[in-house]
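*Asks:*
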Amino acid sequence: MPDRERDGTLFRSRAATGFASISHQLFYEGLMTSEHEMNRRRFIMESTCLTCGCAAAFVAGTHQFDLLPQASAQSRRSRGKDNPLATEPAFCGLFCGACSGLQESVRSGTVKCYGCRSNQVVGHCKTCKVRECAKSKQVHTCGLCESYPCDKIKEYHNDETEESNKKMAVARKVSEDFQYFGNDPDWVEKQIERWSCKKCGTVFEYGNVKCPKCSAPIITAAMEAAVYARRKTPVFTDFDGRSWQTNLAYATETKTLGGRKALLLQGSERTIVFLSPSNFRNGTIECDIAVRNSGGLAFRAAEDGSAAELVQLRFLNTKADKNKKLILYSPHGDWRSSWRELRSKEPGKYDVETKMAKDKWFRLKLVVAGKKLDVYLDKDTEPVLTVAEMLGKRDAGCVGLYGENARFANFTMQPES
60 MPDRERDGTL FRSRAATGFA SISHQLFYEG LMTSEHEMNR RRFIMESTCL
110 TCGCAAAFVA GTHQFDLLPQ ASAQSRRSRG KDNPLATEPA FCGLFCGACS
160 GLQESVRSGT VKCYGCRSNQ VVGHCKTCKV RECAKSKQVH TCGLCESYPC
210 DKIKEYHNDE TEESNKKMAV ARKVSEDFQY FGNDPDWVEK QIERWSCKKC
260 GTVFEYGNVK CPKCSAPIIT AAMEAAVYAR RKTPVFTDFD GRSWQTNLAY
310 ATETKTLGGR KALLLQGSER TIVFLSPSNF RNGTIECDIA VRNSGGLAFR
360 AAEDGSAAEL VQLRFLNTKA DKNKKLILYS PHGDWRSSWR ELRSKEPGKY
410 DVETKMAKDK WFRLKLVVAG KKLDVYLDKD TEPVLTVAEM LGKRDAGCVG
460 LYGENARFAN FTMQPES
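When you read off a place in the sequence shown, starting at 1, and then add 59, the result is the number in my numbering.
The following block contains the structure:
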């Protein structure tokens with residue numbers, strides 16, 4: 060990045076400090092109780108910025124707290140664009156928004172850190188060799204550098220001290236994702252969702268083992284580190300009389316729910332558990348599904364989870380899609396055709412809004428014939444969604460269950476001979 064742009068970013072970041080402080084306090088503590096109080100605090104902060112000689116940044120229209128020179132407007136959608144922790148990935152692969160140093164800065168109301176990409180950082184980041192190298196090479200993340208993995212990033216990622224080894228496994232996983240998938244414009248939003256409590260929405264830290272606000276269970280860094288460690292080591296779980304490869308899941312459990320013997324699956328947007336062995340091309344797949352966040356069925360999948368055709372039931376609760384319940388098709392594994400991208404570019408072509416309730420059982424049925432896909436829900440005799448031309452590049456592959464927080468029962472499959 061040219062020095063002029065870098066200096067301009069620092070200038071804007073200092074100018075934005077007043078507004079950021081207000082936003083940070085709002086985000087964590089809900090301190091703003093009236094319009095009068097909001098105006099009073101804004102006046103104080105604006106005055107502080109003016110006395111510091113920062114008024115020019117605001118006159119130029121740069122008083123937004125976009126402190127990340129390489130972040131695009133597209134990469135800060137819905138919850139991401141106005142969240143005080145919506146930082147781009149650190150060069151090493153970590154999400155700065157889940158860093159204890161940055162969160163403490165937010166909680167204190169005195170901004171000390173704007174994330175790895177800014178010139179105002181705290182702690183280790185001040186002298187980080189990885190950060191210095193990436194900035195000098197002007198790469199978005201180390202995973203996209205042609206020298207990856209270099210000695211600097213290996214040394215950093217292989218820190219095995221008890222405090223950081225789980226966090227470093229997360230960094231390695233993210234860097235490899237970037238190397239494979241490229242720069243996903245939805246990465247920020249996904250990370251905010253990943254590191255937010257599903258119950259109360261609080262963004263937690265890498266070291267938390269439960270939500271710091273409501274004490275609800277969370278997907279911890281240790282769970283993600285465990286997935287990374289076993290990514291190439293098959294782990295199998297018996298369910299519905301079949302053997303499922305579950306090494307990509309954060310957690311699985313089989314138990315009886317509402318009279319159904321169910322598989323409980325907790326994971327991420329990359330989580331698919333595979334029926335092994337299976338080589339599905341065309342035919343019918345059915346399963347009872349109860350969804351908390353998202354869950355669905357995958358087919359024609361690669362066993363490493365890198366590619367698949369995917370149909371999911373998803374509950375959205377972003378500012379743009381408040382309380383929407385959708386059935387979505389997308390080819391899994393490429394952000395350019397992610398469900399977010401498809402909905403943004405061609406709404407209604409690959410998704411349909413439907414009536415669903417969280418944790419209620421639904422029967423999902425897929426009929427696959429070549430490039431055509433018909434999706435049925437419950438006892439419907441007509442498909443609720445038809446995809447005339449699926450976008451995936453695989454003709455055959457594994458069948459799988461997909462879920463961030465979902466339950467599955469009564470799975471059946473009838474491949475065409």
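The C-beta atom is built at its ideal place from N, Cα and C for all residues, glycine as well.
Please report the straight-line C-alpha distance between residue 306 and residue 286, rounded to a whole angstrom.
*Replies:* Against the sequence shown, residue 306 aligns to sequence position 247. Against the sequence shown, residue 286 aligns to sequence position 227. Going by the C-alpha atoms only, they are around 6 Å apart.
*Asks:* Relative to the alpha-carbon of residue 441, which residue among 423, 451, 453 has its alpha-carbon at the smallest distance?
*Replies:* As a position in the sequence shown, residue 441 is number 382, starting the count at 1. Checking every option, the nearest Cα to that of residue 441 belongs to 423.
*Asks:* Output yes or no for whether 8 Å exceeds the beta carbon distance between residue 200 and residue 154.
*Replies:* Looking up residue 200 in the sequence shown gives position 141. Looking up residue 154 in the sequence shown gives position 95. No, the Cβ-Cβ distance between residue 200 and residue 154 is not below 8 Å.
*Asks:* Tell me which residue opens and which closes the alpha helix (DSSP H) that residue 160 is part of.
*Replies:* Numbered from its first residue, the sequence shown carries residue 160 at position 101. Start and end: 159-167.
*Asks:* Spatial neighbours of residue 271 within its chain, please: C-beta separation below 7 Å, excluding the five flanking residues on both sides.
*Replies:* Counting from 1 along the sequence shown, the entry for residue 271 is found at position 212. Once the five neighbours on either side are set aside, the close Cβ partners of residue 271 are 261, 263.
*Asks:* Contact defined as beta carbons within less than 8 Å: I believe residue 323 pairs with residue 386. What is the distance between those atoms, to the nearest angstrom?
*Replies:* In the sequence shown, the residue the question calls residue 323 occupies position 264. In the sequence shown, the residue the question calls residue 386 occupies position 327. Taking C-beta atoms under 8 Å as the contact rule, residue 323 and residue 386 fail to qualify, at a distance of about 21 Å.
*Asks:* Could you tell me which residues DSSP puts in a beta bridge with residue 391?
*Replies:* Locating residue 391 in the sequence shown gives position 332, counting from the first residue. DSSP lists 367 as partners of residue 391.
*Asks:* Helix, strand or coil for residue 460, going by three-state DSSP, please let me know.
*Replies:* The residue given as residue 460 occupies position 401 in the sequence shown. Reduced to three states, the DSSP call for residue 460 is strand.
*Asks:* Three Cβ pairs or more, each shorter than 8 Å: is that satisfied between the stretch 207-220 and the stretch 155-172?
*Replies:* no
*Asks:* Go to residue 192, then tell me how far its alpha helix (DSSP H) extends in each direction, as first and last residue.
*Replies:* Looking up residue 192 in the sequence shown gives position 133. In this chain, the alpha helix (DSSP H) harbouring residue 192 covers 188-196.
*Asks:* Excluding the five sequence neighbours on either side, which residues of its own chain have a C-beta within less than 8 Å of the C-beta of residue 415, listed in chain order?
*Replies:* The residue you call residue 415 lines up with position 356 of the sequence shown. Closer than 8 Å at Cβ, skipping near neighbours: 350, 372, 374, 384, 421.
*Asks:* Please classify residue 210 as buried or exposed, where buried requires at least 16 other C-beta atoms within 10 Å of its C-beta.
*Replies:* Here the question's residue 210 lines up with position 151 in the sequence shown. Exposed is the label assigned to residue 210, since fewer than 16 other Cβ atoms lie within 10 Å of its Cβ.
*Asks:* Evaluate the contact criterion for the stretch 320-335 versus the stretch 424-434: three or more CB pairs, one atom per stretch, below 8 Å.
*Replies:* no
*Asks:* Residue 347 and residue 469 look like a contact to me (Cβ under 8 Å); what is the Cβ gap, rounded to whole Å?
*Replies:* In the sequence shown, the residue the question calls residue 347 occupies position 288. In the sequence shown, the residue the question calls residue 469 occupies position 410. Yes, residue 347 and residue 469 are in contact; Cβ-Cβ is about 5 Å, under 8 Å.
*Asks:* Measuring alpha carbon to alpha carbon, tell me which residue in 445, 320, 461 is nearest residue 366.
*Replies:* Within the sequence shown, residue 366 is the residue found at index 307, counting from 1. The shortest C-alpha separation from residue 366 is found at 461.
*Asks:* In chain order, what residues of the same chain have a beta carbon less than 6 Å from the beta carbon of residue 476, not counting five sequence neighbours either side?
*Replies:* Locating residue 476 in the sequence shown gives position 417, where the first residue counts as 1. Hits under 6 Å: none found.
*Asks:* Alpha carbon to alpha carbon, how far is residue 299 from residue 319?
*Replies:* Here residue 299 refers to the residue found at position 240 of the sequence shown. Here residue 319 refers to the residue found at position 260 of the sequence shown. Computed Cα separation, rounded: 10 Å.
*Asks:* Can you give me the C-alpha to C-alpha distance between residue 310 and residue 231, rounded to a whole angstrom?
*Replies:* As a working mapping, residue 310 is identified with position 251 in the sequence shown. As a working mapping, residue 231 is identified with position 172 in the sequence shown. One C-alpha to the other measures close to 20 Å.
*Asks:* Runs of 4 residues minimum, wholly inside the stretch 427-472: which ones carry the alpha helix (DSSP H) assignment?
*Replies:* none
*Asks:* For the alpha helix (DSSP H) that contains residue 264, what are its first and last residues?
*Replies:* Residue 264 sits at position 205 when you count from the first residue of the sequence shown. Unbroken run through residue 264: none, as it is neither H nor E.
*Asks:* Would you report the Cα separation of residue 175 and residue 233, rounded to the nearest angstrom?
*Replies:* Counting from 1 along the sequence shown, the entry for residue 175 is found at position 116. Counting from 1 along the sequence shown, the entry for residue 233 is found at position 174. Distance between residue 175 and residue 233, taken at the CA atoms: about 15 Å.
*Asks:* Straight-line CA distance for residue 458 to residue 413?
*Replies:* Counting from one through the sequence shown, the residue named residue 458 turns up at place 399. Counting from one through the sequence shown, the residue named residue 413 turns up at place 354. Going from the Cα of residue 458 to the Cα of residue 413 covers about 24 Å.
*Asks:* Please tell me whether residue 342 and residue 148 are closer than 8 Å, where the distance is taken between their beta carbons.
*Replies:* As a position in the sequence shown, residue 342 is number 283, starting the count at 1. As a position in the sequence shown, residue 148 is number 89, starting the count at 1. Against a cut-off of 8 Å, the Cβ pair of residue 148 and residue 342 comes out as no contact.
*Asks:* List the whole-angstrom C-beta distance separating residue 157 from residue 225, where the pair is believed to meet the contact cut-off of C-beta under 8 Å.
*Replies:* In the sequence shown, counting from the first residue as 1, residue 157 sits at position 98. In the sequence shown, counting from the first residue as 1, residue 225 sits at position 166. No, residue 157 and residue 225 are not in contact; Cβ-Cβ is about 12 Å, not under 8 Å.
*Asks:* Taking 8 Å as the cut-off, decide whether the C-beta atoms of residue 449 and residue 368 are in contact.
*Replies:* Translated into the one-based positions of the sequence shown, residue 449 becomes position 390. Translated into the one-based positions of the sequence shown, residue 368 becomes position 309. In this structure, residue 368 lies closer than 8 Å to residue 449 by Cβ.
*Asks:* Kindly indicate if chain B contains any beta-carbon less than 8 Å away from that of residue 400.
*Replies:* The structure shown contains no chain B; it holds only a single protein chain.
*Asks:* Provide the residue span of the beta strand (DSSP E) that contains residue 210, from first to last.
*Replies:* Sequence index remark: in the sequence shown, residue 210 carries index 151 (1-based). Looking at the DSSP string, residue 210 is not in any beta strand (DSSP E); the run it does join, the alpha helix (DSSP H), is 210-216.
*Asks:* If you follow the beta strand (DSSP E) that residue 414 is in, where does it begin and where does it stop?
*Replies:* What you label residue 414 is simply residue 355 of the sequence shown in a count that begins at 1. Counting along the chain, residue 414 falls outside any beta strand (DSSP E), and DSSP gives it neither H nor E.
*Asks:* With DSSP collapsed to three states, give me the class of residue 361.
*Replies:* By 1-based counting over the sequence shown, the position of residue 361 is 302. Residue 361: coil per DSSP, three-state reduction.
*Asks:* From the DSSP output, read off the bridge partner residues of residue 422.
*Replies:* The sequence position of residue 422 within the sequence shown is 363, counting from 1. DSSP output for residue 422 lists 347 as bridge partner(s).
*Asks:* Who pairs with residue 332 in a beta bridge, going by DSSP?
*Replies:* Here the question's residue 332 lines up with position 273 in the sequence shown. Looking at the DSSP assignment, residue 332 forms a beta bridge with 460.
*Asks:* Where residue 411 and residue 444 are concerned, what is the direct C-alpha to C-alpha distance, given to the nearest angstrom?
*Replies:* Numbered from its first residue, the sequence shown carries residue 411 at position 352. Numbered from its first residue, the sequence shown carries residue 444 at position 385. Roughly 6 Å between the two C-alpha positions.
*Asks:* Between residue 352 and residue 257, which are expected to be in contact by the criterion C-beta below 8 Å, what is the C-beta distance as a whole number of angstroms?
*Replies:* Here residue 352 refers to the residue found at position 293 of the sequence shown. Here residue 257 refers to the residue found at position 198 of the sequence shown. At roughly 6 Å, the Cβ-Cβ gap stays under 8 Å, so residue 352 and residue 257 are in contact.
*Asks:* Let me check understanding here. Comparing Cα to Cα, which of 206, 227, 274, 195 lies closest to residue 265?
*Replies:* Residue mapping note: residue 265 aligns to position 206 of the sequence shown, counting from 1. Of 206, 227, 274, 195, the residue nearest in Cα terms is 227.
*Asks:* Look at the alpha carbon of residue 179 and the alpha carbon of residue 198, and state the distance between them as a whole number of angstroms.
*Replies:* Along the sequence shown, read from residue 1 onward, the residue named residue 179 stands at position 120. Along the sequence shown, read from residue 1 onward, the residue named residue 198 stands at position 139. Looking at the two C-alpha atoms, the distance is approximately 19 Å.
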